[in-house]
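Novice: As you go down the protein sequences, you meet chains A, B, C, D, E, F, G and H in turn. Going by our numbering, the residue at position 205 of the first sequence is 205; the numbering climbs one at a time, nothing skipped. Going by our numbering, the residue at position 150 of the second sequence is 1150; the numbering climbs one at a time, nothing skipped. Going by our numbering, the residue at position 117 of the third sequence is 2117; the numbering climbs one at a time, nothing skipped. Going by our numbering, the residue at position 97 of the fourth sequence is 3097; the numbering climbs one at a time, nothing skipped. Going by our numbering, the residue at position 101 of the fifth sequence is 4101; the numbering climbs one at a time, nothing skipped. Going by our numbering, the residue at position 82 of the sixth sequence is 5082; the numbering climbs one at a time, nothing skipped. Going by our numbering, the residue at position 30 of the seventh sequence is 6030; the numbering climbs one at a time, nothing skipped. Going by our numbering, the residue at position 213 of the eighth sequence is 7213; the numbering climbs one at a time, nothing skipped. Virtual Cβ for every residue (Gly too), placed ideally from N, Cα, C. Here it is, the structure in full.
8 protein chains.
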Amino acid sequence: MKNKGFINLGFVKLDVEREKRKGLPEIIYAPGKTIEQLKKIIREFKKHTNLVFISRLENKQFKILKKEHKGLEFFESARLAFFGKKNKERNGYCLVITAGTSDIPVAEEAAIFLELMGNNVERIYDVGVAGVHRLEPFRKKIRQAKVVIVIAGMEAALLSIISGICPAPIIGVPTSVGYGASFGGITALLGMLNSCAPGSVCVNIDNGLGAGYFAHLINK
Amino acid sequence: MKNKGFINLGFVKLDVEREKRKGLPEIIYAPGKTIEQLKKIIREFKKHTNLVFISRLENKQFKILKKEHKGLEFFESARLAFFGKKNKERNGYCLVITAGTSDIPVAEEAAIFLELMGNNVERIYDVGVAGVHRLEPFRKKIRQAKVVIVIAGMEAALLSIISGICPAPIIGVPTSVGYGASFGGITALLGMLNSCAPGSVCVNIDNGLGAGYFAHLINK
Amino acid sequence: MKNKGFINLGFVKLDVEREKRKGLPEIIYAPGKTIEQLKKIIREFKKHTNLVFISRLENKQFKILKKEHKGLEFFESARLAFFGKKNKERNGYCLVITAGTSDIPVAEEAAIFLELMGNNVERIYDVGVAGVHRLEPFRKKIRQAKVVIVIAGMEAALLSIISGICPAPIIGVPTSVGYGASFGGITALLGMLNSCAPGSVCVNIDNGLGAGYFAHLINK
Amino acid sequence: MKNKGFINLGFVKLDVEREKRKGLPEIIYAPGKTIEQLKKIIREFKKHTNLVFISRLENKQFKILKKEHKGLEFFESARLAFFGKKNKERNGYCLVITAGTSDIPVAEEAAIFLELMGNNVERIYDVGVAGVHRLEPFRKKIRQAKVVIVIAGMEAALLSIISGICPAPIIGVPTSVGYGASFGGITALLGMLNSCAPGSVCVNIDNGLGAGYFAHLINK
Amino acid sequence: MKNKGFINLGFVKLDVEREKRKGLPEIIYAPGKTIEQLKKIIREFKKHTNLVFISRLENKQFKILKKEHKGLEFFESARLAFFGKKNKERNGYCLVITAGTSDIPVAEEAAIFLELMGNNVERIYDVGVAGVHRLEPFRKKIRQAKVVIVIAGMEAALLSIISGICPAPIIGVPTSVGYGASFGGITALLGMLNSCAPGSVCVNIDNGLGAGYFAHLINK
Amino acid sequence: MKNKGFINLGFVKLDVEREKRKGLPEIIYAPGKTIEQLKKIIREFKKHTNLVFISRLENKQFKILKKEHKGLEFFESARLAFFGKKNKERNGYCLVITAGTSDIPVAEEAAIFLELMGNNVERIYDVGVAGVHRLEPFRKKIRQAKVVIVIAGMEAALLSIISGICPAPIIGVPTSVGYGASFGGITALLGMLNSCAPGSVCVNIDNGLGAGYFAHLINK
Amino acid sequence: MKNKGFINLGFVKLDVEREKRKGLPEIIYAPGKTIEQLKKIIREFKKHTNLVFISRLENKQFKILKKEHKGLEFFESARLAFFGKKNKERNGYCLVITAGTSDIPVAEEAAIFLELMGNNVERIYDVGVAGVHRLEPFRKKIRQAKVVIVIAGMEAALLSIISGICPAPIIGVPTSVGYGASFGGITALLGMLNSCAPGSVCVNIDNGLGAGYFAHLINK
Amino acid sequence: MKNKGFINLGFVKLDVEREKRKGLPEIIYAPGKTIEQLKKIIREFKKHTNLVFISRLENKQFKILKKEHKGLEFFESARLAFFGKKNKERNGYCLVITAGTSDIPVAEEAAIFLELMGNNVERIYDVGVAGVHRLEPFRKKIRQAKVVIVIAGMEAALLSIISGICPAPIIGVPTSVGYGASFGGITALLGMLNSCAPGSVCVNIDNGLGAGYFAHLINK
């Protein structure tokens, strides 16, 4: 069953050398997998790595998995499950900013992943541009971050504002927050891709984990 | 917890100086907020303003909030909750027109907001262009309005008709009423943006509140 | 070279039985054909039919074809060339209405085709809804038409207006007139497809000929 | 409450002169209307017309309305309710053709409306182009129709085939039948709008009623 | 040739009562009109109104028209021609703001129209959010405007920023400035429609004139 | 009821000569058909063919059909029901590859159909390009296949990788696996259509059956 | 400069083992390459392969290349240049069918490539479904082909028709022929992807070469 | 003319404190600016910064500017002009990879900007996945980079491949290279946003400069 660099369970080929290649282990994406498949994957993974992540896990799925895997921790707001040893040792901090309150679940996916990977994380939530003065007290915190994640739906203008005042690399996460012509996050995505302020990049809609992962690579 | 111009509750930064800056208080957008978050926000807001609006609130959410906040009023057709003192003192009137019966909930969001902010409101509902003669008896009322809100789905031709006969500024609200190639309001939105009759503008699909807010600024 | 019901020139298979099947001969669509191909097609067609139409022909193409085919007539505003005998004998009239002046070339493609096929045609140009009162003097003419073609760009609201007052079948032709979010006629097309007034149908953007052809079938 | 040409119930303006203007009465579109609104509309309509149509009505809505309005008939496959006297007197027939079995509900909306309005209707169902020989036995029926309605989802190629062999005017109804890149009927709609065979037009996705209405105008 | 409320030149129906109905005369849209058509329209208009506007006129068109109509003035940056008497008498001012230098032609279309209609206009150009501190010295000017027009391409975040600090009604004009995923102004348009800051509306892409017209109605 | 080449049940025209024409019998597409319709179709089909396929059947539908048709087999993972005699006799094998675990249901639709039609099938599941080394042990199996089906969602890069190393014809099936800007499979579809590696084609989103059918034609 | 399996010219890495891996050599895609780059690539390729293809080459580019590479042949209608020895030895034939005359250039790209690779090719041009009887005399030729390529723009219904009567695998090539809502080939592409007749697949818009390549793999 | 943090030239507000805030000076975007505007901007900038960048400059614009500003250097392949002192002092290197030869201009925009800002740059061009073995000799170079920029059009699968084997942060730049359903870079953009391999982000289509800027921030 052991091939070069992966474990073949038939329905899945576990990439157990991901950590060696990429510096981080494979992250299990829960949607579209049965509970039996998840169980088998975790069992196998635990033989090969000290660190298991499961993303977009639902609470009821977690409860079943928990029975077998006692050490599994679940961060419900981030839909993220984790098995392993947290690591706190880096200097500097990653900053996670949201435009609104509804963007927080996506933000927590990024923030908790970053913390579990041993990064210091600062959070500034609900400082969207409808009241841009709310950024003022945080200006120093923004300017001193090593990397910044900006999470926003609707027109996502917050990315450009942060990008205009912050020297660190900035990762935009468009969210599906909004209605009508927000088109499930397309407007926020397009807005971030077209930011007039240089120094920012973008990930997929609602992809908090991808932004956290990338921020970790920069902060490493 | 008090910063310059806002209250920091962590998950939310209440913009308590919005009224000073914009002439209207912040409006709480309910979707994506938990009932606990809504409770905390209202409690805090009541310390700083005499006027609280909650938009897109569901009936069952209102019933829970009502227990703590006795003075909270709910306009179910408009999904709008309100706390404070109504104000009736302006001259002139805002006119709210719909093309169909199905557009009325969006219209009421605009109309009730305008009334709560102290504007006189006139309503003309279900006068879409399939029977344009239905506009005839209202021609004088249309021509004498201070500002007009036109609410229509499908092809939204009513905006252009009103715009052709009315000297006041006209705000179009495309609605998601329709099926097939109405694409959830995109057709109505595009139709309104391309109106051949000058003197009109447009807000997001189903955004009755935004139109009411803007009409209030004009009527002020 | 003669097969069952068509002439095989290799690069083209002339459908010489179209007239028998459909009541109208094949119409030659000029774009994408070389001048040599057009020449050969016309030569061959003239052996089999008394009626040749070439659509979307450019003036300079016409001038070359004219040298060989003296009887060819060209209607430049409609980009339509014609060879044969015009026919005037039907009762009733087809009505062609445009919203603006820029829609006239598309309208002429429909109108001239209809006339060449022996229909009476009435034209009302530039009566878009920005000034809907301009329709008033034509109300009787609209109501008595056998079939109506409405040609409009931008939001194309004129279709719904006409459809609301006219008992005849109405064919909408969206045009690419407009800019920005008119998206080359998509907005007009969607508007016409979603007309709230029953009794209308739609053809492709700028397809005046298709509307004329269909009107002819109704008026037959 | 009686205005010029309509009845004003506030939430609705009944267009009681539609029949005089258009030759057909207003058709009540059920979606987005409450059961109370439907009741009031029917009550009022019955004072002014002998013919009431309600489209896109659900079965459970019908059962409630039936209690008050005994004479109301319901055609469940067509989601169409009807009150009045059927009329059978015209010559010729309208032909309703579907590409597949799943297109039948949309077809029945057209066919039943046509029958109620006094047209003879012929039906040919499930003759899509995957087996185009299935059209053969119906060739004569197709060629002798006064007007044809073609109802198809997916790529909707049937419209072009029928259009190539039939001299009557042809109305295409794209349906939302399909999956993946059929995009809820957009592919069928675009296919019909771009038909290479002249003599056809198109209505909105799933709009069987609109096609029936238009066919009635032609057959009149 | 004189009908009720318009002049019928065949290819155009001049709406000479527009001024009476709407408070402003009809504006001639040049694209799609021949130079001969423009000449005839101007000649006729001058008999009925003291104020003629021609929008989106090209320089070479203007030069030809100028020969016959000596009084015609041309504002090349705004592509706007004008004939008549300017009017300066209103209190307050309209403020026109652009995000970038490339947005200026659209801004001038709004600004010059407003000036010609007798409004005071202030301009603040190139203050996009990449350097939001550039707004600081203009804060008072922004807060005291009667109405504000914000013109921006790319992600158009400037609208939300202005909307957050300004109590006046704000009209957004998305521009086609940008590249790649700006999609010719669609991104800016969507961003403006989804602004998280209340108090703004939107017109079509690059429609400076429409914004100017609407601002004039508010400032009236 | 027997026509030339099909059975006419009214609501359906069974194409009983499909097998003669195409080499494979008609496949019954379950969605949009009632259980009564399915029953009648199967009954009739069994008189004319030894092979009945029903695609996209739900488990509960199968259970009802099974009561009447004892020999019906159901492959739940592939949503495919089958009645007839399996056939195993061909040389070579078809290879079915998925990028992820969530793509397996679509893959099984292809694989089981191929097996029932008498093809040898090899499966390689979950070898997406995030860990492209997982392909290494299968390189020989990939290079020796007669035809390959690649099934992938998200960005669907696996198709291009396989296409770069495999001399056989390759059929891509984009899946709706993904979130946000995967747009229900559009991104995967576009990616496959634009593959830079020659030798591949594409079917509709999630159309495993279509790919299996086509692979069978090649392997024949 | 020689690496494992490719030649590194810096701006290009020639894949000289493509033939070994895929059975066909790399095809040089001309657009976006300078004439100097093309010269260098051909020079280098000729050292390693007996077969050089250049696709989408313009006539004037060919003339320059011809000076240095005397043996280069150019098929202008197919925009395809070729250097090497043609090969004629296979049994069976590939059939290339177009719906219209304007689709021929795309068809020739497929047909000439197939011929150069040693396949027999039959062509049937201009048999679109507007006159489907034109297919009749070719029915036997269609049914006996080893593989069929169908090339069509507009609604591309021809693919489904051919697919309904032909037992061979069918490759659809949507073309950008059409106007208005054909959207540069999107409609044809969607139509082909949603074909109701099984047994067909699809390549990118106007990608005649890709279809020829794939047909060659099947016919091999 | 000097305000807080910027120079006001009316048509432009030069952000002379950008370098202090962001670590890099403002980059002048040439499109949409007249040559006179560019001259004035450069003149003014040179008073305040030692580093001037002009992006997307055309060769003929450069030649005019060069007359006044002798020190201006122009990198034509990157459309980038530069004035100032290059800086070479950082450890590590940024790696710029393209899928094809046509992607090189976008790559050079990134690479030259990085070099001018004092970064070591390595280039690997034309290693797209059609021949993924071409990556082999560069595996070490890829794994040791500090940051990687991947530039690809069409389906842009290269990003995922690189992302699967490289531990550094990876920035994707979709390009408009391709035809048909590549939709001017949309397919590449969507592919990159949906990459199944973690560790990558994305910028706007053809935005080489934005990627270079962001890479510089990471490498700093």
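Answer yes if the region 7139 to 7158 of chain H comes into contact with the region 185 to 200 of chain A, meaning at least three C-beta pairs across the two stretches below 8 Å, and no otherwise.
Specialist: Too few Cβ pairs lie closer than 8 Å, so no.
Novice: Going by Cα to Cα distance, which pick from G6184(G), N6087(G) and F6011(G) is closest to I6041(G)?
Specialist: Along the seventh sequence, one-based indexing puts residue 6041(G) at 41. Closest option to I6041(G), Cα to Cα, is F6011(G).
Novice: Would you identify the three-state DSSP class for S7163(H), choosing helix, strand or coil?
Specialist: Here residue 7163(H) is taken as the residue at index 163 of the eighth sequence, counted from 1. S7163(H): helix per DSSP, three-state reduction.
Novice: Would G191(A) pass as a contact of A4157(E) if the rule is Cβ separation under 9 Å?
Specialist: Here the question's residue 191(A) lines up with position 191 in the first sequence. Here the question's residue 4157(E) lines up with position 157 in the fifth sequence. A contact, by the Cβ cut-off of 9 Å.
Novice: What does DSSP give as the partner residue(s) for K6013(G) in the beta ladder?
Specialist: Residue mapping note: residue 6013(G) aligns to position 13 of the seventh sequence, counting from 1. Answer is N6008(G).
Novice: How do the region 4070 to 4078 of chain E and the region 4093 to 4102 of chain E stand: do at least 3 beta-carbon pairs fall below 8 Å, yes or no?
Specialist: Cβ pair count under 8 Å is below three, so no.
Novice: Under 9 Å, Cβ to Cβ, is there at least one residue of chain G near P7137(H)?
Specialist: Within the eighth sequence, residue 7137(H) is the residue found at index 137, counting from 1. Closer than 9 Å: yes.
Novice: Report the neighbours of I6161(G) on chain D: residues whose CB is nearer than 8 Å to its CB, in chain order.
Specialist: Within the seventh sequence, the letter at position 161 stands for residue 6161(G). What I6161(G) touches in chain D: V3129, V3132, A3157 and I3161.
Novice: Leaving out five residues on either side along the sequence, give the residues of the same chain with a beta carbon under 6 Å from the beta carbon of P6025(G).
Specialist: Sequence index remark: in the seventh sequence, residue 6025(G) carries index 25 (1-based). R6018, E6019, T6049 and L6051, listed in sequence order.
Novice: Looking at chain D, is there any beta carbon in it that lies within less than 9 Å of the beta carbon of N6207(G)?
Specialist: Mapped onto the seventh sequence, residue 6207(G) falls at position 207. Chain D contact via Cβ: absent.
Novice: With contact counted as at least three CB pairs below 8 Å, one residue from each stretch, are the region 6202 to 6212 of chain G and the region 6103 to 6113 of chain G in contact?
Specialist: These segments touch.
Novice: Which same chain residues end up closer than 7 Å to P5169(F) when comparing Cβ atoms and leaving out the 5 residues on each side of it in sequence?
Specialist: By one-based count along the sixth sequence, residue 5169(F) stands at place 169. Within the same chain, P5169(F) has close Cβ partners V5147, G5199 and I5218.
Novice: For the putative contact between I1142(B) and I1165(B), defined by C-beta atoms under 8 Å, what is the C-beta separation to the nearest angstrom?
Specialist: Against the second sequence, residue 1142(B) aligns to sequence position 142. Against the second sequence, residue 1165(B) aligns to sequence position 165. Their Cβ separation, rounded to whole angstroms, is 7 Å, which keeps I1142(B) and I1165(B) in contact under 8 Å.
Novice: If you draw a straight line from the C-alpha of G2084(C) to the C-alpha of Y6179(G), how long is it?
Specialist: Counted from its first residue, the third sequence places residue 2084(C) at position 84. Counted from its first residue, the seventh sequence places residue 6179(G) at position 179. Going by the C-alpha atoms only, they are around 28 Å apart.
Novice: According to DSSP, what are the bridge partners of E6122(G)?
Specialist: Mapped onto the seventh sequence, residue 6122(G) falls at position 122. DSSP output for E6122(G) lists L6095(G) as bridge partner(s).
Novice: Compare the C-beta of M4001(E) against all C-beta atoms of chain C and say whether one is closer than 9 Å.
Specialist: Within the fifth sequence, the letter at position 1 stands for residue 4001(E). Confidence at M4001(E) is low in this model, with a pLDDT of 46, below 50, so the placement of that residue is unreliable and no value is reported for it.
Novice: Please classify S77(A): does DSSP put it in a helix, a strand, or coil?
Specialist: As a working note, residue 77(A) is residue 77 in the first sequence. S77(A) falls in the helix class under three-state DSSP.
Novice: Could you check where the beta strand (DSSP E) with Y7029(H) kicks off and where it finishes?
Specialist: Indexing the eighth sequence from 1 puts residue 7029(H) at position 29. Run containing Y7029(H): I7027 to Y7029, per the beta strand (DSSP E) assignment.
Novice: Report yes if the C-beta distance between I5054(F) and A5078(F) is below 9 Å; otherwise report no.
Specialist: Sequence index remark: in the sixth sequence, residue 5054(F) carries index 54 (1-based). Sequence index remark: in the sixth sequence, residue 5078(F) carries index 78 (1-based). No, these two residues do not count as a Cβ contact at 9 Å.
Novice: Terminal residues of the continuous beta strand (DSSP E) containing V2173(C)?
Specialist: On the third sequence, position 173 is the one that residue 2173(C) refers to. Start and end: I2170 to P2174.
Novice: Less than 6 Å between C-beta atoms, sequence neighbours within five positions excluded: which residues of the same chain meet that for G4005(E)?
Specialist: Counting from one through the fifth sequence, the residue named residue 4005(E) turns up at place 5. Excluding residues within five positions, the ones whose Cβ falls inside 6 Å are E4017.
Novice: Excluding the five sequence neighbours on either side, which residues of its own chain have a C-beta within less than 6 Å of the C-beta of M5154(F), listed in chain order?
Specialist: Stepping through the sixth sequence from its first residue, residue 5154(F) is reached at position 154. So the list reads G5178 and S5182, once near-sequence residues are dropped.
Novice: Counting only beta-carbon separations shorter than 9 Å, does D1015(B) have a partner in chain A?
Specialist: Locating residue 1015(B) in the second sequence gives position 15, where the first residue counts as 1. Yes, its Cβ sits closer than 9 Å to a Cβ of chain A.
Novice: Can you pull the chain D residues whose beta carbon is under 7 Å from the beta carbon of G1164(B), in chain order?
Specialist: Residue 1164(B) sits at position 164 when you count from the first residue of the second sequence. Within 7 Å Cβ-Cβ: nothing; G1164(B) doesn't reach chain D, min ~19 Å.
Novice: Is the beta carbon of G7185(H) sitting closer than 9 Å to the one on I7162(H)?
Specialist: If you number the eighth sequence from 1, residue 7185(H) lands on position 185. If you number the eighth sequence from 1, residue 7162(H) lands on position 162. The answer is no: Cβ separation not under 9 Å.
Novice: Kindly indicate which three-state DSSP category V7203(H) falls into: helix, strand or coil?
Specialist: For the purposes of this step, residue 7203(H) is taken as the residue at position 203 of the eighth sequence. Of the three classes helix, strand and coil, the one that applies to V7203(H) here is coil, per DSSP.
Novice: Which one of E1076(B), P1137(B) and N1091(B) has the shortest CA to CA distance from H1216(B)?
Specialist: For the purposes of this step, residue 1216(B) is taken as the residue at position 216 of the second sequence. The shortest Cα separation from H1216(B) among E1076(B), P1137(B) and N1091(B) belongs to N1091(B).
Novice: Please report the residue range of the alpha helix (DSSP H) in which A1152(B) lies.
Specialist: As a working mapping, residue 1152(B) is identified with position 152 in the second sequence. Taken as a continuous stretch (DSSP letters only), A1152(B) belongs to no alpha helix (DSSP H), being part of the beta strand (DSSP E) at V1147 to A1152.
Novice: Note down, in chain order, every chain E residue with its Cβ under 8 Å from the Cβ of L1217(B).
Specialist: Here the question's residue 1217(B) lines up with position 217 in the second sequence. Per Cβ cutoff of 8 Å: P4167, A4168, P4169 and G4199.
Novice: At a CB-CB cut-off below 9 Å, which residues of chain C make contact with S6102(G)?
Specialist: Here residue 6102(G) is taken as the residue at index 102 of the seventh sequence, counted from 1. Neighbours of S6102(G) on chain C, chain order: Y2029, P2031, G2032 and K2033.
Novice: Measure from the alpha carbon of R3056(D) to the alpha carbon of each residue in E3044(D), E3068(D) and L3038(D), then state which is nearest.
Specialist: As a position in the fourth sequence, residue 3056(D) is number 56, starting the count at 1. Nearest option by C-alpha distance: L3038(D).
Novice: At what residues does the alpha helix (DSSP H) containing V7106(H) begin and finish?
Specialist: Working through the eighth sequence from its first residue, we reach residue 7106(H) at position 106. Element bounds for V7106(H): I7104 to L7116.
Novice: DSSP on S1195(B), reduced to helix/strand/coil?
Specialist: Translated into positions along the second sequence, residue 1195(B) becomes position 195. Coil.
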